[in-house]
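Colleague: The structure is given below, and queries will be raised subsequently.
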Amino acid sequence: MIRYFQSMLQQKNAYDVAVQVGKHTNFVKELFNDKSTEGLARYENVQELLNSIKEFIESPSNEEGEVGDKGLGAYLQQITLLTDADEKDENADVAKLMTIHSAKGLEFPVVFVGGLEETLFPNAMSINTREELEEERRLFYVAVTRAQKHLYLTYANARYRFGSLTQNEPSRFLDELPEAFLDRTFAGGGARNQASFNNMGSAFQRMHRGFENQSTGNSQRATTKQTSLPTGLGNKPPQTVQHIPSKDFVPSDTTSLQEGQKVEHQKFGYGLVTKLEGSAHNPIATVKFELNGEKKIMLNYAKLRIVE
């Protein structure tokens with residue numbers, strides 16, 4: 039068994055390893071069968087952990103769309119870096135993340151309540167009886183009454199559940215709120231807002247857009263810090279031969295990209311597509327670049343021009 043997991047660590051990505059560990063140890067199954075409040079909380083924690091790992095393997099390692107190391111070691115390394123960054127002054131001007139239970143008795147000028155979706159809030163395992171549903175409703179009341187001035191209620195149209203992307207319905211609790219007190223002006227997901235949302239770019243670009251709005255000095259320092267972070271377990275990233283994009287460079291629609299086509303990448307230069315893989319919502323292309331060797335590129339994030 040030890041040799042099996044050692045081999046898997048070398049060959050599989052972080053999500054595949056985590057799923058296999060859960061199956062072989064029966065850990066997830068035991069938590070699912072535990073119907074106590076503590077068991078339910080542990081089961082949801084494992085679910086969120088798997089969602090986090092799935093998001094990690096389906097996100098590029100840099101703004102060029104390169105896949106990079108997606109092994110368990112790289113994921114743990116990233117988590118360690120994020121944990122170290124969270125050690126800040128308790129009195130600093132920051133957002134506090136807490137459960138609804140731990141927020142009881144507290145109030146804040148602005149409160150964000152996330153995950154207001156059916157089967158999540160109310161929880162799928164708490165809607166079997168009227169008593170369970172009423173307890174979820176009381177918990178929702180606690181959440182909304184923590185706000186002193188502004189309350190933001192959010193839900194995701196789709197999210198990962200144990201690695202699978204599922205569509206969601208808004209929580210029934212949202213329909214129970216007085217419409218007169220709701221402001222849906224900036225609500226996402228609707229047809230009138232979808233076009234403007236799409237123009238904001240990919241999730242990776244939106245997440246890193248903050249660097250672009252800083253001064254040149256700050257942006258340079260941020261970029262330097264990012265590129266200096268280790269990308270593997272002691273492995274140094276190979277030196278990239280910089281490419282100057284052609285004058286008529288415009289990113290192409292890569293939905294119909296095929297193996298054998300020649301492409302141009304803004305940073306890596308010209309290359310040949312040798313393999314297409316990945317899921318339909320997150321396709322990955324293996325490109326053999328003339329100057330920078332073979333790289334795996336996430337097509338949802340990379341800017342590629344198909345060379346006719």
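Under this note's numbering, think of the first position of the sequence shown as 39, with each following residue one higher. For each residue, glycine too, the CB sits at the ideal point set by N, CA and C.
Checking 8 Å against the spacing of the C-beta atoms, do PHE154 and LEU212 come in under that value?
Modeller: The sequence position of residue 154 within the sequence shown is 116, counting from 1. The sequence position of residue 212 within the sequence shown is 174, counting from 1. In the sequence under discussion, the amino acid at residue 154 is Leu, which differs from the Phe named in the question. Annotated as proximal: LEU154 and LEU212, with beta-carbon spacing under 8 Å.
Colleague: Do ARG210 and GLU156 count as a contact pair if the criterion is CB distance below 8 Å?
Modeller: Your numbering for residue 156 matches position 118 in the sequence shown. Your numbering for residue 210 matches position 172 in the sequence shown. Yes, these two residues count as a Cβ contact at 8 Å.
Colleague: So, for ILE165: in the same chain, excluding its five sequence neighbours on each side, which residues have a beta-carbon less than 7 Å away from its beta-carbon?
Modeller: Locating residue 165 in the sequence shown gives position 127, counting from the first residue. For ILE165, where only same-chain residues beyond five positions count, the Cβ hits under 7 Å are LEU171.
Colleague: Determine the burial state of MET336: buried for a count of at least 16 other Cβ atoms within 10 Å of its Cβ, exposed for fewer.
Modeller: Residue numbering aside, residue 336 sits at position 298 when the sequence shown is read from its first letter. Buried.
Colleague: Tell me the DSSP secondary structure of GLY270 in three-state form.
Modeller: Reading the sequence shown from its first residue, position 232 is the one you call residue 270. Low local confidence applies: a pLDDT of 38 at GLY270 is under 50, so the model's placement there is unreliable, and no value is given.
Colleague: Could you tell me the distance, in whole angstroms, from the CA atom of LYS300 to the CA atom of THR312?
Modeller: As a first step, residue 300 must be located in the sequence shown, where it is residue number 262. As a first step, residue 312 must be located in the sequence shown, where it is residue number 274. Approximately 10 Å between the Cα atoms of the pair.
Colleague: Evaluate GLU101 with the Cβ neighbour count: other Cβ atoms within 10 Å of its Cβ, from every protein chain shown; 16 or more gives buried, anything less gives exposed.
Modeller: Counting from one through the sequence shown, the residue named residue 101 turns up at place 63. With 16 or more Cβ atoms within 10 Å of its Cβ, GLU101 is classed as buried.
Colleague: So, helix, strand or coil for SER97, using DSSP?
Modeller: On the sequence shown, residue 97 is found 59 positions in, with the first residue counted as 1. DSSP places SER97 in coil when its eight states are reduced to three.
Colleague: Mind reading off the beta-carbon distance from GLY307 to PHE327? Whole number of angstroms is fine, and I expect it under 8 Å.
Modeller: As a working mapping, residue 307 is identified with position 269 in the sequence shown. As a working mapping, residue 327 is identified with position 289 in the sequence shown. Correct: roughly 6 Å between the Cβ atoms.
Colleague: Here's the rule: buried if 16 or more other CB atoms are within 10 angstroms of the residue's CB, otherwise exposed. What is VAL180?
Modeller: Start at 1 with the first residue of the sequence shown, and residue 180 comes out as number 142. Exposed, since its Cβ has fewer than 16 Cβ neighbours within 10 Å.
Colleague: Helix, strand or coil: which one does DSSP assign to GLU155?
Modeller: On the sequence shown, residue 155 is found 117 positions in, with the first residue counted as 1. Strand at GLU155.
Colleague: For ASN71, count the other beta carbons within 10 Å of its own beta carbon; 16 or more makes it buried, fewer makes it exposed. Which is it?
Modeller: On the sequence shown, residue 71 is found 33 positions in, with the first residue counted as 1. That one is exposed.
Colleague: If you follow the beta strand (DSSP E) that ASN320 is part of, which residue opens it and which one closes it?
Modeller: Within the sequence shown, residue 320 is the residue found at index 282, counting from 1. 320-327 is the span of the beta strand (DSSP E), which, as asked, contains ASN320.
Colleague: Report back the beta-carbon spacing between ALA218 and GLN205 to the nearest angstrom; my notes put them in contact at under 8 Å.
Modeller: For the purposes of this step, residue 218 is taken as residue 180 along the sequence shown, with counting starting at 1. For the purposes of this step, residue 205 is taken as residue 167 along the sequence shown, with counting starting at 1. At roughly 29 Å, the Cβ-Cβ gap does not stay under 8 Å, so ALA218 and GLN205 are not in contact.
Colleague: Check the C-beta distance from LEU342 over to HIS281 and give it rounded, since I have them as a contact under 8 Å.
Modeller: For the purposes of this step, residue 342 is identified with residue 304 of the sequence shown, where counting begins at 1. For the purposes of this step, residue 281 is identified with residue 243 of the sequence shown, where counting begins at 1. Rounded to whole angstroms, the Cβ separation of LEU342 and HIS281 is 12 Å, and the two are not in contact under 8 Å.
Colleague: Using the C-alpha atoms, what's the distance from ASN320 back to GLY239?
Modeller: For the purposes of this step, residue 239 is taken as the residue at position 201 of the sequence shown. For the purposes of this step, residue 320 is taken as the residue at position 282 of the sequence shown. With a pLDDT of 47 at GLY239, under the threshold of 50, the predicted position of this residue should be treated as unreliable, though the coordinate-derived value follows. Going by the C-alpha atoms only, they are around 15 Å apart.
Colleague: Let me know if LYS108 comes out buried or exposed under the rule of 16 or more other beta-carbons within 10 Å of its beta-carbon.
Modeller: On the sequence shown, position 70 is the one that residue 108 refers to. By the 10 Å Cβ count, LYS108 comes out buried.
Colleague: Would you tell me roughly how many angstroms separate the C-alpha atoms of LEU78 and LEU47, rounded to the nearest one?
Modeller: Sequence index remark: in the sequence shown, residue 78 carries index 40 (1-based). Sequence index remark: in the sequence shown, residue 47 carries index 9 (1-based). Taking the straight line joining both Cα atoms gives about 29 Å.
Colleague: If you draw a straight line from the alpha carbon of MET136 to that of LEU191, how long is it in whole angstroms?
Modeller: Here residue 136 refers to the residue found at position 98 when the sequence shown is read from its first residue. Here residue 191 refers to the residue found at position 153 when the sequence shown is read from its first residue. Their backbone Cα atoms lie some 15 Å apart in a straight line.
Colleague: Provide the residue span of the alpha helix (DSSP H) that contains GLY331, from first to last.
Modeller: Against the sequence shown, residue 331 aligns to sequence position 293. Segment 331-336 is the beta strand (DSSP E) holding GLY331; no alpha helix (DSSP H) there.
Colleague: Can you list, in chain order, the residues of its chain whose CB lies under 6 Å from that of MET245, leaving out five sequence neighbours each side?
Modeller: Numbered from 1 along the sequence shown, position 207 holds the residue referred to as residue 245. Bear in mind that a pLDDT of 42 at MET245, under 50, signals an unreliable position, so the number given afterwards is only what the model happens to contain. Result list for MET245: empty, nothing under 6 Å.
Colleague: Is ALA56 helix, strand or coil by DSSP?
Modeller: Counted from its first residue, the sequence shown places residue 56 at position 18. In this structure, ALA56 counts as helix in the three-state DSSP scheme.
Colleague: Have a look at LEU87, GLU82 and SER97 and flag the residue whose alpha-carbon is nearest the alpha-carbon of ALA12.
Modeller: The structure shown has nothing for residue 12, since the chain only spans 39 to 346.
Colleague: Helix, strand or coil for LYS50 per DSSP?
Modeller: On the sequence shown, position 12 is the one that residue 50 refers to. Reduced to three states, the DSSP call for LYS50 is coil.
Colleague: Does DSSP classify PHE70 as helix, strand or coil?
Modeller: Counting from one through the sequence shown, the residue named residue 70 turns up at place 32. DSSP places PHE70 in helix when its eight states are reduced to three.
Colleague: Check the DSSP bridge columns for GLY111 and list the partner residues they point to.
Modeller: Sequence index remark: in the sequence shown, residue 111 carries index 73 (1-based). None, per the DSSP bridge assignment.
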